[in-house]
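>
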Amino acid sequence: MLRLRSLYRFPLKSCKAEILQRASFDDLGLAGDRRWMLVDESTGRFLTQRAVASMSQLSVLWNASGGVTL
Numbered sequence: 001m002l003r004l005r006s007l008y009r010f011p012l013k014s015c016k017a018e019i020l021q022r023a024s025f026d027d028l029g030l031a032g033d034r035r036w037m038l039v040d041e042s043t044g045r046f047l048t049q050r051a052v053a054s055m056s057q058l059s060v061l062w063n064a065s066g067g068v069t070l
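Numbering-wise (UniProt numbering), the sequence shown opens with residue 1 and increments by one.
1) Closest to residue 5 by CA distance: which of 30, 14, 19 is it?
2) For residue 21, which of 52, 70, 8 has the nearest alpha-carbon?
3) Out of 3, 42, 32, 26, state which residue places its alpha-carbon closest to the alpha-carbon of residue 62.
4) Taking the alpha carbon of residue 48 as the point to measure from, which residue in 38, 42, 57 has its own alpha carbon closest?
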């Protein structure tokens, strides 16, 4: 028998995880998981932990409009 011990969501790609008590799923998978990313405006490229290791320390909060705040 499989047992789920913990559930994490990463709202912002490459940033700190959010621990969930329960979750919902939609057509894209786990609702709110990796739906946002940071983009370098000068190059148009998205940032990853491979290039910016400190991203793993960034936490996000969901705001009233359904977006995230760093």
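Ideal Cβ positions, reconstructed from N, Cα and C, are used throughout, including at glycine.
According to the structure data:
1) 19
2) 8
3) 32
4) 38
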